[in-house]
Structures are given as structure tokens and as C-alpha cells.
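Before any comments, here is the structure.
Chains as they are written, first to last, in my numbering: chain A, 218 to 602; chain B, 218 to 602.
See the structure below:
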């Protein structure tokens, strides 16, 4: 398989973009990534998106966005894996380059969530759950995560307050990220006082929705000219795995088996392990998911994820920094775009362009994107070549 | 790139399946394909589907179907390219095998269209058009095709009646296909008398919706043991291209440029040309599309598609048989599944298992799947090795 480098990144701020349509948002990120890469065209476009058909009455996003950015005619497709759509699109684009079919690929993630009524957005998000056996019972997506968190607190004896450092870290990092949705630091007191959404998940456990788009440019390393001005960043490992969509069907609802499997694939492919990872852009849609991801990927024992956070190990100066640009919690979670934002942020870290939240000497980063409450999970490991 | 063979096919009848959910439909086709291939598992599942989020309130189809067929945990994703989703999923799965990442891939297409109200299905289908510049004007999907057909009649001087042989051929072939939705022969008189849908498209110009699923099993040829009982069928060529989503944005609304580009890619990859193709499973969502596909792919001069049909060249005994198992017109058009049905039918022909509509000595077949009214088009060429 050909080794693949990421040579361009682009993103829009995550926000309420009332003045920008779906194609304009995506186009802004794609054109920024092309400019960043120095390329003007590509062989293919892979778009990660979950809800455009429901919320914007628009499918066929591949052709739509390709045409909008001036690349009418190129191969283009949309890839959907619920909230894991962005990384799924990256993985699909990666295979297109690895296969030898394409020499330059654009990966874009886009989601427009704030133009519809909140109840419509909530219903659209529920399509990530099992329609016949979960959503039909009236359980919302946040309620499913609340059930998982409640069980976790019971099983391992943690208090809700022990999850505060996850949200505090995310918000502290987002302050320095101009593309983040919530650039405000929060305090432990604020976390305690936040109003309840679905017990025990309160407003500061949950990531905000938003409109946003992010993009990447992939090429085979062997086609690159040496460029002393920038490190070459390669995708060293990539893996995807699934679990049951319904939480109650899982062998163990407190273990993200798809996270473990996809991380193992990425570790195996890269020849690396958790001890080699300098920072980890994980999928903190809810604070409980941060703990579960850290555990499934080998950074903490089962039930011990919160300890890492309480010890300060997840901050940019800690042993395993997470959500270094704000994570889903504070950068925001435009669902189908999130997986691409995570990788854009990994590239910023590996280029040394992460400013105040730069992880010193970062050479290897990992990104993990989760669809549903653990149903489909994609892990990528990036490294400086 | 590794050469890839199709070693298993499966399909459900296209029908109103009130007793089967989305996952049950897909599962039936996938399990049939696995049985046909002699395999019990796979490394990945690529699902072609367009409207499950809107009509069944269910996304994350990859994980959902993988789990349902007993393959919980494997990599799985949904691929969307409007009505071209099925072939787009095949192309994505093909690249996964060609890249060396996977040694056995399941490609499935599934769509459930008859459980919702007709007005809901029509609105969902309209998401294949440009939401901002077409659908917002109230133009339906069939109306867009009617505009194209009206212009074609004007430009080239054909009469509506000249398109009758396309529909008559499709229905005549479907009579012998147990999986077809409309297994009834039609006459020229019946075609004339059919009630109007959107002038000049009448009911017998238009393909019926339906619920259905189809599946394929892909493996690298170099992993196959010799099997004298069956020919080895390989994917010799594969190509995808796009055009503007909105018809009015095209340089020429009467030329399917994405069909031409994707066919050229498939021809180039396979070293074959239109003169080598023994039969062509094309995308006759509306009879006008048959003419445009034949022209764009090099089987007829511009404006001369109907002549092939009037001369009887498109029947199983003609020079370029099309829709040999009924096509979209009579087998039915469960949109996200259609592209996979077409390839299943190609395999039946190449195995010599097409019964009364067998094309004598068929060794090379082509399938072409169209998303929107020409916005995204995927072409595959299959041959007996």
C-alpha cells in the first residue's frame, strides 16, 4: 500500500452560519485546504455528512460540492457513519489513494444543524440510534448517553463531579482556537451549577451542535517534492470497526468495543501503541465518552478514565493531552464534520502550529471519531515522517 | 492494483415488503450473497442507500446491517450518491480490496420506499435535485426529466412514440425475472394509452419505486482457488464522474457528460470499448435516460439513441441488449439498491444463468448507475476471466 500524506487543511469556524448554505460552508473549507496544499484540483472528493437529507433536503453532496468549488466532473461521493461520518470519509479517501486509483483526494466534512428547529435537529440526531428498538421508545440520543453515564457512576463508584476536568480542559483549550464555538473557560463551580439535560448529563457534559466544515488534502508520499518549510505528515494507521447500534444489545455497554478494535487496527498498521501517542483528539460528545475512549484505547484501565483527568494528565502539559483545540465539547460538534476537524487539529499540532495549546515536541497524534453511542468508530494515527 | 472478482450475488424481489424492515431486507440479500459465495464472513461492508434517514428515520446503516447478518464488529459504512448510491458503494468496496486493506468485501444496496406516504417519497427523491435552485421552485424529479425529454424531442425531431421500444423491451425481459416488480409484457398500444405523469413522460416511460436489496461479494482474484463449476467474473473497469446537480447549470442538458466521463474511465481501465460490450445494464429511470446513456457511452450518435431501440438492437438478440432482466422500468427502482441489482444481473448473464433472456455467448457486460438527473454516474465493466 502506498504511504499517504496530508498536505492541506481547511476549516470554518463552528458557529451558527445563517448566511452560508451547506455548499458554501463546505466550499469555504475545501478551498482553504486546497490553498494550504498549493494544489488546484484533485481526482476525487469524499464528503462526510450525516443529516443533509433530513435537515437541508439535500443529498448528492459529492456532486454538489465538487461543482461549487470549481471541480465539476471529478469523482465525488458522500460517506455516512452517523457522527463518525467525517473520519469514515477520510478512511474511504485514504483507501482510494492507497489503491492507486487516485493521486490527490479531497476529504471534506460538513454539517448544518442550526437552521432547523431544535426538535427537528434532535429527531435527526436520533437516526444515529436504532430506529426500531431505541428511538421508537422515545429515548433521545443524549438520554442514551445518560443511561451509559449513570451505569458507569454506579459500577465504578465515581461521582458526577469527577468528570468536571474533561469539560474544563476542553473549554480552556478552545479559548485559544479561533475556529471554536465556545471560546470561554469554565470553572468547576460552573460545571456543578450547569442545568441538567438528561440526568446525570448536564449542559457542561454535552457538546454543542453547530454549523461547520473542515477539509483535508491527501496525496501519496512518493509524489511529493521535498519541502523544508513544513514537516511531512503521514497517516501511519487507520482502522474502523462497528458494534451493535442499540446500546442494550451490547455485550458490555460500558466498553467501547469498536473503539478498541479500530484502535488496535490503527496500532497494528502503524507499529505503534498507546505509549507512543503524544496527544489524542478523542470524541467527547459527552464527558462520559472521553473516559470510555481513553479506556478502550489502552490509556487507562477499565473504570479509571476519570483518574487521568483528575490527575491533570489530559491537559496540553500532561502525559496524554486530549481535545487540545477544544474537542467536541468546546470547539463544537457539527456531527458529520467533526471527524475531519479532529484530523485538521492533529495536523496543526504536528506542524507546531497549535499556539498556546501546542503539545511540546508532538510527533505522533491520534484521532478517534464515534458514530452513534459507540456503533461505528474510526481511529487514525498521524505522524511526522 | 489487485484484480477483483465477484464471487457471490444475492437479491430480494423488488416489491412492497410490508413485512420486512430495512435491516431485514438488506440482511436477506447479504446472506444470499454470502451463501452463493461459500463465504461466512467478510472484512468490510459497504452499503448503498439514499433515503433511509428521511423515510425510515435510520442512519448508521453500515453498523446496523453488519450486526443483523451476524458480523458485528466488522468495518461498515453507508455510501450515498443519490440514485447512484448502489454503484458508488460497489466502487468504494472495490477500492478497499484493490488497496490491499481488505480481502473480502460485501457490497449491499437497500432502499425502502413504499412504507411512507407517496408525497413523502416524492419529497425524499427530490433531495437528489438541487434543493436551493430546483426543488425550491417546486419542480419534482420526474418533472426535471420531463423537461429534458421535451427538449430532446424538439431538438432531434423524434416523437414520443419512438421511445416505446425501450419500455416494451424492459417489460418483456422482466416477465422472466422472478425478482422483478412488474412481470407483465406491455404493448405499443398500452404505451400510447398510459396516463400522463409529467408531459411528455407517461406512466410507461417511468420506472416504479419499490422496496428491495441486492448484494455482492468481492475478493482479490489471487486468493481464489480454481473452480471449474463457475466462470471467474472480474471487474475489468470502474469509473465515476459528476456533473452539476441542477440541470439548468449543465453546458448541454441533453448530454450526460458524467456518463461519458465515467464510461471512458471504465473503458480505459479495462482496455475495452463500446464495440466489445455484449450487453449493457443501463439506468432507465425514465425512457429518455436510456437514449442519453446509449449516446454518452458510444453506442449511438448524439440524438440517435431511439433508432437503436426502433431497430430492435436493444433486445437480448440485438447488437447491444439493454435491461436484460427488466431494467429499472420493470425490475423496479429501489433507488439506493438499483446499482447493485444491475451488477447482480450482469453476473447472472456472465454465468449463463439468465434463462429466457440470456444473451448468447455473453462474456463482457457493462452496468451504469445514475444519481440525480445525471449529476453523478458510475460505470462498471465486468468480464469472464
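Glycine included, each C-beta is placed from N, C-alpha and C at the ideal position. None of these values were measured; they are calculated from a predicted model.
Using CA coordinates, which residue listed in the options is at the minimum distance from residue i?
i	options	result
residue 555(A)	227(A), 222(A), 218(A), 223(A)	227(A)
residue 492(B)	476(B), 424(B), 580(B)	580(B)
residue 263(B)	363(B), 310(B), 257(B)	310(B)
residue 285(B)	347(A), 251(A), 290(A), 242(A)	347(A)
residue 335(B)	317(B), 316(B), 357(B), 236(B)	357(B)
residue 494(A)	416(A), 576(A), 384(A), 316(A)	576(A)
residue 467(A)	526(B), 397(B), 221(B), 280(B)	280(B)
residue 541(B)	570(B), 528(B), 314(B), 462(B)	570(B)
residue 476(A)	444(A), 586(A), 360(A)	586(A)
residue 196(A)	221(A), 380(A), 406(A), 305(A)	Shown here, chain A extends from 218 to 602; a query on residue 196(A) therefore has no answer.
residue 248(B)	372(B), 593(B), 283(B), 398(B)	283(B)
residue 463(A)	343(A), 265(A), 520(A)	343(A)
residue 321(B)	258(B), 337(B), 306(B), 360(B)	258(B)
residue 223(A)	341(A), 560(A), 277(A)	560(A)
residue 418(A)	246(A), 505(A), 582(A), 271(A)	505(A)
residue 583(B)	510(B), 332(B), 572(B), 590(B)	510(B)
residue 364(A)	482(A), 471(A), 436(A), 341(A)	471(A)
residue 572(B)	390(B), 440(B), 483(B)	390(B)
residue 461(B)	394(B), 350(B), 331(B), 449(B)	350(B)
residue 574(A)	543(A), 406(A), 590(A)	543(A)
residue 368(A)	469(A), 244(A), 481(A), 306(A)	469(A)
Within 10 Å of its beta-carbon, does residue i have 16 or more other beta-carbons around it, so buried, or fewer, so exposed?
i	result
residue 366(A)	buried
residue 354(A)	exposed
residue 318(B)	buried
residue 295(A)	buried
residue 409(B)	exposed
residue 519(B)	exposed
residue 374(B)	exposed
residue 236(A)	exposed
residue 558(A)	buried
residue 401(B)	exposed
Rounded to the nearest angstrom, what separates residue i and residue j at their Cα positions?
i	j	result
residue 232(A)	residue 564(B)	49 Å
residue 269(A)	residue 292(B)	23 Å
residue 488(B)	residue 423(A)	54 Å
residue 516(B)	residue 522(B)	8 Å
residue 412(B)	residue 404(B)	14 Å
residue 447(B)	residue 512(B)	34 Å
residue 392(B)	residue 328(B)	23 Å
residue 549(A)	residue 602(A)	30 Å
residue 514(A)	residue 530(A)	15 Å
residue 288(B)	residue 432(B)	15 Å
residue 297(B)	residue 553(B)	8 Å
residue 490(A)	residue 593(A)	21 Å
residue 562(B)	residue 397(B)	11 Å
residue 290(A)	residue 465(B)	16 Å
residue 525(A)	residue 441(A)	39 Å
residue 449(A)	residue 220(A)	11 Å
residue 532(A)	residue 457(B)	45 Å
residue 547(B)	residue 595(A)	40 Å
Does the Cβ-Cβ distance between residue i and residue j come in under 9 Å?
i	j	result
residue 428(A)	residue 597(A)	no
residue 308(B)	residue 455(B)	yes
residue 253(B)	residue 452(B)	no
residue 275(A)	residue 242(A)	no
residue 370(A)	residue 376(A)	yes
residue 545(A)	residue 500(A)	yes
residue 426(A)	residue 230(A)	no
residue 316(A)	residue 315(B)	yes
residue 535(B)	residue 302(B)	no
residue 246(A)	residue 325(A)	yes
residue 304(A)	residue 261(A)	no
residue 256(A)	residue 436(A)	yes
residue 267(B)	residue 299(B)	yes
residue 539(B)	residue 496(B)	yes
residue 272(B)	residue 338(B)	yes
residue 399(A)	residue 323(A)	no
Does the beta carbon of residue i fall short of 8 Å from some heavy atom of the ligand MN?
i	result
residue 359(B)	What this structure holds is no ligand at all, so the ligand MN is not there to describe.
Entirely enclosed alpha helix (DSSP H) segments - the stretch 240 to 323 of chain B, minimum 4 residues = 269 to 272, 278 to 285, 302 to 315
Start-end ranges of the beta strand (DSSP E) lying completely within the stretch 506 to 535 of chain B, minimum 3 residues = none
Contained alpha helix (DSSP H) runs [length at least 4] in the stretch 367 to 394 of chain B, N- to C-terminal order = 381 to 391
Taking only runs of the beta strand (DSSP E) that begin and end inside the stretch 554 to 594 of chain B, which ones reach a length of at least 3 residues, in chain order?
-> 581 to 588
Please list the segments of the alpha helix (DSSP H) lying wholly inside the stretch 388 to 476 of chain B, counting only runs of 4 or more residues, in order along the chain.
-> 405 to 410
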